[in-house]
Amino acid sequence: MKAIELLESGEEVHGRAYVKLDAGAVKDAVEKLKEGGFNHFVMLSCVDWLNSNEFELVYHMWSYEHREHVMLSVSLSRDNPSMPSLHDVFPQIGTYEREIHEMYGIDFEGNDDMRPFLLEGWHDMPPMRKDFDSQKFEEEVFDSIPEIEEDDDE
């Protein structure tokens, strides 16, 4: 696979190149792949591995030239997770970083646009973390809303 050849590491998983990297190596890898024809940034995803006390960020890229999908994976500790921003390589990454920051609490160093994305006025734990108690949140927020009485004019 071209991505594995360019990065000199990784493996093929289900027809895709999968490369596990340290946080400090991701930017160089993304730049190298972009120069090598992987010029479509598809998405950035996040997985919360609560039992391992880690977040996994997966950078998905595609090459029309090589007709190949590559996934770059990096693990971060759930304790004060931080990652260098890549929005200067692909500007659209900044939007994914904002969302992941808001939903999981991961900081992206160098991205100055961390304003609220979906959760305006949110002051609780990031809601996509597996240790977020959604039932408790629902009881605290929605049990305090008065019930609306409906007319039986049918």
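Residue numbers for the sequence shown follow the working numbering, so the first one is 28 and each next one is one higher. All residues carry an ideal CB built from backbone N, CA and C; glycine is no exception.
Note: E95 is bridge-paired with S90 in the DSSP secondary-structure output. Exposed is the label assigned to P173, since fewer than 16 other Cβ atoms lie within 10 Å of its Cβ. Using a 10 angstroms sphere on the CB of D75, the tally of other CB atoms reaches 16 or more, which defines it as buried. The distance from the Cβ of G121 to that of D140 is about 6 Å, consistent with a contact at the 8 Å cut-off.
Across the set S79, P118, S72 and L113, the C-alpha of S72 shows the shortest separation from the C-alpha of S100. Boundaries of the beta strand (DSSP E) around L48: R43 to L48. Around the C-beta of S36, fewer than 16 other C-beta atoms lie within 10 Å, and the residue is accordingly described as exposed. For S72, the enclosing beta strand (DSSP E) has its first and last residue at H67 to W76. For S109, the enclosing beta strand (DSSP E) stretches over residues S109 to P111. Here L103 is not near K54, since their CB atoms are 8 Å or more apart. In terms of Cα proximity to V97, the closest of V116, A52, E39 and P118 is E39.
Contact annotation: E136 and P111 have beta-carbon atoms nearer than 8 Å. Distance from the CA of L145 to the CA of M155, rounded to the nearest whole angstrom, comes to 12 Å.
The closest CA to that of S109, considering only E95, Y131 and P143, is found on Y131.
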